[in-house]
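Inspection log for the structure reproduced underneath, given as structure tokens.
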Amino acid sequence: MNDTPKHAQVIAVGNQKGGVGKTSNTLHLAAALGEQGKKILVIDLDGNCGATRGCGLGTDWLGTFEALMGQDPEELIVGSDPVEGTELPENVELLPARRNLESFEEEFRRTNKFREPSATLTPVLDRLRHRYDFIFLDTAPNASAPTVASYLSADWFILSTEPAKLSVEGLTDALMDIQSVREQGNAGLRLLGVVMCKVRTGTRVAEIFTEKIRKEFQAAGELGAFRTTISMATAIESAQYDGKTLFQTEPSHKVADQYRALAQEILGRLETARAASEAEPKPDTVTEASNA
């Protein structure tokens, strides 16, 4: 890995509802950015170990639980290794999860009576930011301690949904959570966008829901749906069954191209946000202007 220091953008991916392509979006976006030469880390924060299984690993690897409990996270990262029998997408590494992550909050409170479990992810990220361009947090569809920690520690949030009423309605709850977190300790958390996946080709349903999302999030002053949508494809399920992404099994598949386009949108939004931040008057400038 290149030794040049980096400062990763930390992006949490989630939704209050399960089964909406959250883990698939996480892994495929990581693979799409890795293909462009970006250094990526995926942290599995779900006790169901979806990202870990999606990378072809079993659920017996030390990883997220141990890192949250204080072990050096750099010693727990898994990459492609022929000796270990691991094969991840290009430039992608993983901090895997085990089922013991489900008992993290109980175990942490037992051993750390005077600390909050939600504060445990930030020091992990601080140890890792210098190694990566992006760190993706694959979250659970519930308010477990690791999920809450992801809200409190992330720079950005991507919401994953599908063109279905209950899934889209769950976005409102997630947006309320993001706004609440801003008030409770992570004022800089921003919504990067909403990914519409599992879209059936040839229907207007996705277009209708995408427009609904755009209007609702625009009214809330937030970035809404990405232009790129992700089609429903059995090839994704086949790749998942093999513990791989489409970038490893069928890199020329149209859905792989959709993820490439989505990755470009994400990079574009991040660049726009960076430029806007640099253009904001600095405190000293504002003071000088008011005294002029």
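Residue numbers are given in this note's numbering: position 225 of the sequence shown equals residue 365, and the series is strictly consecutive. The beta carbon of each residue, even a glycine, is placed where N, CA and C say it ideally should be.
In chain order, what residues of the same chain have a beta carbon less than 7 Å from the beta carbon of residue i, not counting five sequence neighbours either side?
i      : result
Gly325 : Leu292
Leu241 : Gly187, Thr204, Phe205 and Pro286
Lys178 : Asn231, Asp273 and Phe274
In angstroms with no decimal places, state the Cα-to-Cα distance between residue i and residue j.
i      : j      : result
His270 : Asn231 : 15 Å
Asp295 : Val334 : 15 Å
Tyr272 : Lys146 : 6 Å
Ser164 : Arg238 : 18 Å
Thr495 : Leu216 : This structure cannot speak to residue 495, because the chain is shown only from 141 to 432.
Gln319 : Glu175 : 33 Å
Ala403 : Ala207 : 28 Å
Met316 : Glu420 : 27 Å
Thr368 : Asn252 : 44 Å
What residues are listed by DSSP as bridge partners for residue i?
i      : result
Asp278 : Val153 and Asp184
Ser290 : For Ser290, which the question treats as bridged, DSSP gives no partner whatsoever.
Phe387 : Phe387 is not bridged to any residue.
Leu169 : DSSP output for Leu169 lists no bridge partner at all.
Leu299 : Gly154 and Val334
Whose C-alpha, out of the options, is nearest the C-alpha of residue i?
i      : options                           : result
Cys337 : Arg238, Leu185, Ala314 and Thr374 : Thr374
Ala148 : Leu173, Gly196, Gly194 and Asn165 : Leu173
Asn282 : Glu420, Pro421, Thr412 and Val153 : Val153
Glu224 : Pro213, Asn155 and Trp201         : Trp201
Leu268 : Gln319, Ile180 and Thr251         : Ile180
His168 : Arg409, Ala413, Glu390 and Ser417 : Glu390
Please work out which residues of its chain come closer than 8 Å, Cβ to Cβ, to residue i, disregarding the five sequence neighbours upstream and downstream, and give them in chain order.
i      : result
Arg227 : Note that residue 227 is Glu in the sequence shown, not Arg. The residues are Gly196, Ser220, Lys384 and Gln388.
Short of 6 Å in beta carbon distance, which residues of its chain neighbour residue i, apart from the five on each side in sequence? Order them along the chain.
i      : result
Phe248 : Pro257
Arg400 : Ala172
- Message: Going residue by residue through the segment 186–254, where are the continuous beta strand (DSSP E) segments of at least 3 residues, counting only ones entirely within it?
- Response: 232–235
- Message: Report the start-end ranges of each alpha helix (DSSP H) in the segment 334–381 that is 4 residues or longer and not cut off at the edges.
- Response: 345–359 and 374–381
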